[in-house]
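Engineer: Protein chains in written order, with the working numbering: chain A, 17 to 309; chain B, 17 to 309.
1. Drop a sphere of 10 angstroms on the beta-carbon of residue 212/A, count the other beta-carbons inside from all chains shown, and report buried for 16 or more, exposed for fewer.
2. Taking the alpha carbon of residue 240/B as the reference point, which residue from 26/B, 43/B, 185/B, 71/B has its own alpha carbon closest?
3. Classify residue 221/B as helix, strand or coil using the three-state DSSP reduction.
4. So what's residue 184/B in DSSP terms, helix, strand or just coil?
5. Say whether the segment 144–158 of chain A touches the segment 71–82 of chain A, bearing in mind that this needs 3 or more beta-carbon pairs closer than 8 Å, one atom from each stretch.
6. Contact defined as beta carbons within less than 8 Å: I believe residue 265/A pairs with residue 226/A. What is the distance between those atoms, to the nearest angstrom?
7. Does residue 98/B get closer than 9 Å to chain A when you measure Cβ to Cβ?
8. The beta strand (DSSP E) that contains residue 286/B, what's its start and end?
9. Residue 159/B and residue 52/A - do their beta-carbons sit closer together than 9 Å?
10. Rounded to whole angstroms, what is the Cα-Cα separation between residue 179/B and residue 21/B?
11. Report the rounded CA-to-CA distance for residue 107/B versus residue 18/B, giving the unit in angstroms.
12. Select from 122/A, 140/A, 196/A the residue whose C-alpha is nearest the C-alpha of residue 82/A.
13. Between residue 26/B and chain A, is the shortest Cβ-Cβ distance under 9 Å, so that the two count as touching?
14. Closer than 9 Å, CB to CB, is residue 311/B near chain A or not?
15. Interface residues of chain B around residue 184/A at Cβ under 7 Å?
16. Per DSSP, which one or two residues make a beta bridge with residue 25/B?
17. Express the C-alpha separation of residue 32/B and residue 286/B in angstroms, rounding to a whole number.
18. Would you call the CB atoms of residue 157/A and residue 236/A closer than 9 Å?
19. In its own chain, which residues sit with a C-beta less than 7 Å from the C-beta of residue 278/B, not counting the 5 before and 5 after it?
20. With distances taken from CA atoms, which of 275/B, 88/B, 75/B is nearest residue 54/B?
21. Where are the alpha helix (DSSP H) runs, 4 residues long or more, that stay fully inside the segment 57–94 of chain B, in chain order?
22. Would you say residue 46/A reaches chain B, if we count a Cβ-Cβ gap shorter than 9 Å as a contact?
23. Output the distance between the C-alpha atoms of residue 103/B and residue 96/B, rounded to the nearest integer angstrom.
24. Name the chain B residues that come within less than 8 Å of residue 178/A, Cβ to Cβ?
25. For residue 197/A, does the three-state DSSP call read helix, strand or coil?
26. When you compare only the Cα positions, how much space is there between residue 167/A and residue 173/A?
27. Would you call residue 229/B buried or exposed, if buried means 16 or more other Cβ atoms sit within 10 Å of its Cβ?
28. DSSP three-state label for residue 111/B, please.
29. Give the straight-line distance between the Cα atoms of residue 149/B and residue 251/B, rounded to the nearest whole angstrom.
30. Please compile the residues from chain A whose C-beta is within a distance smaller than 8 Å of the C-beta of residue 41/B.
31. The alpha helix (DSSP H) with residue 173/B in it runs from where to where?
32. Any beta-carbon of chain A closer than 9 Å to the one on residue 278/B?
33. In terms of alpha-carbon separation, which member of 110/A, 77/A, 199/A, 99/A lies closest to residue 24/A?
34. Please check the pair residue 267/A and residue 50/B, which I expect to be a contact at CB under 8 Å, by giving their CB distance rounded to whole angstroms.
35. Whose C-alpha, out of 42/A, 109/A, 29/A, 41/A, is nearest the C-alpha of residue 88/A?
36. Rounded to a whole number of angstroms, what is the C-alpha to C-alpha distance between residue 147/A and residue 231/B?
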């Protein structure tokens, strides 16, 4: 089933519904020819987008790094409402009826310039399954330390761009090894992030669980779901902390999860084919922290 | 004027002409949503593609790194002939009538899978002008050393992918400084390559000019034009050599050029706003080395 697409541009500043059963993108669109654009992927439950503010803030930051004009928040909200109204039936889960909502800005064609799109579709079954059954993850060297790039704005560290070929190659690589996600490590073996997720670790100390995640702002994309999870945990009186984390910390933890906006929270059942501690109760508690966010 | 586009897929293995005045790309094309594809840009003079073999070899290598199926060489040649036959008038220069010919492979949509495109258009005036009047270039740190990535195939070092947002950001950055190209340096200040070109330096020793370029195979994309230039130079009895080169070597050289397939050869007139030695005679000689290639 074709997704539902609403386009925002200077002719339709609050969005026009397009027919996505036909091709929509021109051959000289620089989003296509150069991966020159930015995006956010969000989850809507019963037509309510979760963490809309956080995603709009991160999208605006990505757009700023690429020096590409960004529709204002009101336009995105109006266009998203139109897309969700017009969307297909979505995916029914325990949370409600779910849709993925992708916001995308492309630099467009040299003639017409930049535009925004809201793209709404169902949530893939494989994503729902990862929430329930967890994922197998592999540690994978990230090559250079992304922190080395953060001083140079033209390297776009921290921008979520359409230039995602490496992330896709990484997922293909780990799939060929029987896993579903990669967890990147720096050259000193420090844990960075998943190819499409943030890494969260629970550690029990004197009976109390504390959540940890690698230090942000070192070339790691700040995870909106990890942020919401930590906020929820803090509100419930849990302690949270920030890395550095090493493979040993994951192996010896009381639970590892990958967080991302649509998948929400997926327990890591195996790391490099080694079984990790998992606890359905703790996963349920963490899902509760996310529920209202 | 819309470019001329020929598509190769399993329904039309030697290519079908498309109408590029309408949108051609679907919204869920992973070339668009993920920059998940590869490309080559070539120059045709009087409908003859230069260095076609070298480009097809590099395209096949990029496709192999991305694990994406690649039309065979005969299909590319047939589709390119069809596109050039159907193309607009092109750009008339001293070399003849010029067209740019882009070969592109996208992973396509989940439903339809990968396809190839041949996209033919005229050569931009700004490109022709760079051949004649040269370019101003800025040295720009590449952040990490690309050599660090070459051991990990999933990082796609050496693949020319549609994920080109960083290269575009680099060009915007140097344009904001009044220059047209960036020359990347490693953290030890070693010269790497231009954002969209290879770097060639001439040095005179006892009256004889020798050409140098940074050592290949350290995360630098091997330049087909630099390769052809060195072959032509060697055939004419010149010596050629390989880096490491440092900024001082460029500043104190007897000429620096940026080579790329459509621009061919552009003398660098200024590096970081400092005038470099230029010699129209040597540029003319080097163009001669390229002429038959």
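For every residue, glycine included, the Cβ atom is placed at its ideal position computed from N, Cα and C.
Since this is a predicted model, take the numbers as computed values, not measurements.
Structural biologist: Answer, in terms of the structure:
1. The residue in question, residue 212/A, is buried, as its Cβ has 16 or more Cβ neighbours within 10 Å.
2. If we check each option's Cα against that of residue 240/B, 71/B comes out closest.
3. The three-state reading of DSSP puts residue 221/B in strand, counting E and B together.
4. Assignment of residue 184/B by DSSP, reduced to helix, strand and coil, places it in the helix class.
5. By the Cβ criterion, the segment 144–158 of chain A is not in contact with the segment 71–82 of chain A, since fewer than three pairs of Cβ atoms, one from each stretch, lie closer than 8 Å.
6. Wrong, their Cβ atoms sit about 12 Å apart, outside the cutoff.
7. No, no contact with chain A.
8. Element bounds for residue 286/B: 280–287.
9. Contact: no.
10. Taking the straight line from one Cα to the other gives about 21 Å.
11. The straight-line gap from Cα to Cα measures roughly 15 Å.
12. The residue among 122/A, 140/A, 196/A with its C-alpha nearest the C-alpha of residue 82/A is 122/A.
13. Not a single C-beta of chain A is nearer than 9 Å to the C-beta of residue 26/B.
14. Residue 311/B lies beyond the stretch modelled for chain B, which goes from 17 to 309, so this question has no answer here.
15. Here the neighbours are 50, 52.
16. In DSSP, residue 25/B forms a bridge with 28/B.
17. Straight-line Cα distance between these residues: approximately 45 Å.
18. No; because the gap between Cβ atoms is not below 9 Å, this pair is not in contact.
19. Excluding residues within five positions, the ones whose Cβ falls inside 7 Å are 57, 59, 116, 139, 143.
20. Of the candidates 275/B, 88/B, 75/B, the residue whose Cα lies closest to the Cα of residue 54/B is 75/B.
21. If we require 4 residues or more, the alpha helix (DSSP H) runs fully inside the segment 57–94 of chain B come out as 68–81.
22. Yes, residue 46/A counts as interfacial toward chain B.
23. Roughly 10 Å separates the two Cα atoms.
24. Per Cβ cutoff of 8 Å: 48, 49, 50, 51, 179, 181.
25. Strand.
26. Going by the C-alpha atoms only, they are around 9 Å apart.
27. Under this definition residue 229/B is a buried residue.
28. When DSSP states are grouped into helix, strand and coil, residue 111/B belongs to the coil group.
29. So the two alpha carbons sit approximately 27 Å from each other.
30. Listed by position along chain A, the residues whose Cβ is nearer than 8 Å to that of residue 41/B are 39, 40, 41, 42, 43, 45, 48.
31. Annotation: residue 173/B is outside any alpha helix (DSSP H) and is labelled neither H nor E by DSSP.
32. Cβ-Cβ to chain A under 9 Å: no for residue 278/B.
33. Closest by alpha carbon: 99/A.
34. 31 Å between Cβ atoms; not a contact.
35. With distances taken between Cα atoms, residue 88/A lies closest to 29/A.
36. Answer to the nearest angstrom: the Cα atoms are 48 Å apart.
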